[in-house]
Amino acid sequence: MLAKASSTKLRDNWILGRGWDQEMLRERRYPDRSDIDVVANPVFLRRICGHVAVANSAALTAAGVNENTPEPFGGEIERDSIGKPNGILKERALEIVSRSVPRDETEARQALVVASEKLLAQGVTALHCIVEDEQEFKALRELKKEGKIEQTIYVILPLNMLDQVSSMEDELGVWANGFRIGGIKVFLDGSLGARTAALGHPYDDDPGSSGMLTTSREQLSNLIEKAGETGLQLCLHAIGDRAVQLGVETLNESLGPRDCRKSRPRIEHASLLSPDLIKKMANLGLVASVQPRFIYSDNWAEQRLGRDRIQYLYPFKSMLRAGIHLAAGSDTPSDDPSTAEGLWSAVSRPGLSPSERLTPSEALTCYTRGAAYASFSENDEGTLELGKWANLTILDRDPFESPPEALRKLRVVQTIVRGKVFRWN
């Protein structure tokens with residue numbers, strides 16, 4: 009595959025990719041630079057979760073990564089027995105190489121349009137877009153102005169754009185042509201699939217590791233203060249229980265329940281939660297942005313966490329009962345964007361505790377009203393009410409009357425965005 013890609017490119021052209029999963033490889037290990045040094049081009053391939061990548065020798069050289077490159081806080085440069093980088097980069101170490109990747113504006117615009125069209129066909133009427141960089145942000149804003157993306161867009165900025173927010177004051181928190189700048193994304197840990205999610209106890213299948221925190225308590229406190237000054241909603245990526253605990257405790261210390269309920273901080277993923285963490289999140293009035301399809305795709309979860317801890321993985325029912333605001337999404341491209349797949353996963357919970365299953369009504373509410381609440385847009389969308397935007401998805405059958413397994417087969421017949429109708433065969 010790499011050889012084929014290389015045959016169509018100049019020697020210094022980068023080959024980029026995403027989607028590999030070591031669990032699907034014969035040796036069940038991360039590929040390293042020796043596996044992808046078969047071509048002379050710089051190669052940079054992200055794992056499906058985006059939290060680990062492998063770079064070949066040409067890419068490492070282009071980025072200036074060598075045996076003397078220091079480890080960034082919240083990241084890891086894996087090395088061989090003599091201290092030379094082996095090409096495997098984790099968390100914030102990815103940024104060292106990604107900064108060196110040339111940007112193609114035309115290609116980025118085309119990709120965003122294609123992605124929005126595919127999501128529209130899936131019945132998705134509103135997007136919460138966590139943009140990667142300034143180029144992607146500008147492309148997204150321009151495409152929306154040009155009418156090339158139909159969905160409403162709630163933008164969550166990357167941390168590296170926080171200092172530019174002062175120049176966007178007129179756009180913050182205001183819907184303009186279905187486009188709104190609302191949040192700032194802060195990574196507290198990594199992913200379970202990459203074993204970089206920060207756990208309170210070691211991984212069952214890697215007893216020498218408990219994952220990693222990618223932001224310190226002091227850094228998070230400062231970021232909470234800065235976000236408060238700008239009016240941006242905090243969106244804290246936290247998958248492991250240790251990362252969620254860091255987020256919850258720091259929010260409580262910095263803001264407290266009153267200000268949290270007003271500013272609606274989001275915990276993105278909130279995957280592994282003890283009953284105590286659920287209670288603390290509920291007391292603060294936090295929003296949990298969850299991805300039900302992870303239940304199905306994380307079919308290795310018991311290997312990672314063990315039988316005792318897995319009961320606390322994706323405890324959606326307990327979260328709802330406690331009063332936590334649940335907003336459901338897909339986290340695409342990390343997982344399948346199909347809402348039908350997500351509904352089925354939330355209602356069926358394949359491989360996980362049935363006591364945490366949601367009803368179809370509860371699951372749909374998370375995808376609609378819950379998602380609208382998470383973006384401060386509950387007065388404009390999320391429910392079918394007079395005066396709200398006409399954002400609707402028409403299905404080929406009634407999900408409330410369908411058995412759980414049939415939810416996977418739901419087909420979108422029409423998608424309506426602010427009154428504009430799109431019909432699908």
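Add 8 to a position in the sequence shown, counting from 1, and you land on the number used in the numbering used here. Heads up, the beta-carbon is just placed ideally off N, CA and C, and yes, glycines get one too. For clarity, every value in this text was computed on a predicted model and none was experimentally measured.
Which residues does DSSP pair with residue i in a beta bridge?
i    : result
W28  : R55
F430 : T423
Q241 : G191
S297 : E276, A335
A330 : DSSP, once it has assigned bridges, lists no residue as partnering A330.
R87  : P93
L165 : I192
V62  : L53, I96
C137 : V163
L180 : I189
I402 : Q422
D214 : Y211
A70  : DSSP output for A70 lists no bridge partner at all.
I23  : V51
Q246 : Here the sequence assigns Ala to residue 246, which means Gln is not the residue at that position. DSSP, once it has assigned bridges, lists H277 as partnering A246.
L321 : L280
Going by Cα to Cα distance, which pick from the options is closest to residue i?
i    : options                : result
L263 : V105, L221, L242, N387 : L242
R19  : G331, A66, R54, A296   : A66
D406 : N399, R416, W397       : R416
W352 : G191, V173, E370, K92  : E370
V60  : S174, I138, L200, T16  : L200
S106 : Q130, I138, A63        : A63
E158 : S175, V132, M169       : V132
A101 : Q299, N74, A129        : N74
I318 : L292, S346, L334, S361 : S361
N230 : R250, G255, S410, A251 : G255
G186 : T160, D171, L167       : T160
G293 : R272, G82, Y304        : R272
A202 : L135, Q130, D306, Q253 : D306
I138 : L244, Q172, T114       : L244
H277 : K287, N260, R266, S297 : S297
A11  : L97, W397, I44         : I44
D171 : F195, A336, E154, D141 : D141
Examine the ligand FAD and report whether any of its heavy atoms sits within less than 7 Å of the Cβ of residue i.
i    : result
E237 : For the structure depicted, the ligand FAD is absent and the ligand set is empty, with no information on it obtainable.
Kindly list the residues whose CB is nearer than 6 Å to the CB of residue i, restricted to its own chain and excluding five residues on each side of it in sequence; keep chain order.
i    : result
P323 : L281, E364
W308 : E31
G188 : The amino acid occupying residue 188 in the given sequence is Arg; Gly does not appear at that position. Contacts found: Y162.
G91  : E75
G248 : D197, A205, A206, L207, G219, L280
P50  : W22, A66, A67, A70
L135 : Q159, I161
G82  : E99, R100, T222
D29  : I56
What do you get for residue i, buried or exposed, if any count of 16 or more other CB atoms within 10 angstroms of its CB means buried?
i    : result
K428 : exposed
E389 : buried
S217 : exposed
F408 : exposed
S383 : buried
R111 : exposed
D316 : exposed
S124 : buried
V295 : buried
S175 : exposed
Q299 : buried
T258 : buried
Grab me the residues of residue i's own chain with a C-beta within less than 7 Å of its C-beta, minus the 5 sequence neighbours each way, in chain order.
i    : result
A290 : A330, G331, I332
A235 : I192, L242
R301 : S338, D343, D344, E349, G350, S353
D213 : Q311, R312
Q130 : P345, S346, T347, V420
Q253 : L285
E154 : none
For residue i, which residues of its own chain have a beta-carbon under 8 Å away from its beta-carbon, when the five flanking residues on both sides are left out?
i    : result
V355 : R365, L366, T367, P368, A371, P412, L415
A116 : Q143, E144, A147
L400 : T133, L392, Q422, T423, I424
L68  : R41, N74, P93, G95, V105
R250 : D197, A206, L207, G208, S218, G219, L221
A1   : Outside the displayed span of the chain (9 to 433) sits residue 1, for which this structure offers no information.
K126 : P345
C438 : In the structure as shown, the chain begins at 9 and stops at 433. Residue 438 is therefore absent and cannot be evaluated.
E103 : P80, G83
L120 : E144, A147, L148, L151, I157
Is there a Cβ of chain C sitting closer than 8 Å to that of residue i, yes or no?
i    : result
D112 : Any reference to chain C falls outside this structure, which holds one protein chain only.
Inspect the CB distances between the segment 324-331 and the segment 274-294 and report whether three or more fall short of 8 Å.
yes
Three CB pairs or more closer than 8 Å across the segment 168-182 and the segment 238-253
yes
Cβ contact (3+ pairs, closer than 8 Å) linking the segment 143-154 and the segment 202-216:
no
Any contact of the segment 340-360 with the segment 378-386, i.e. 3+ C-beta pairs under 8 Å?
no
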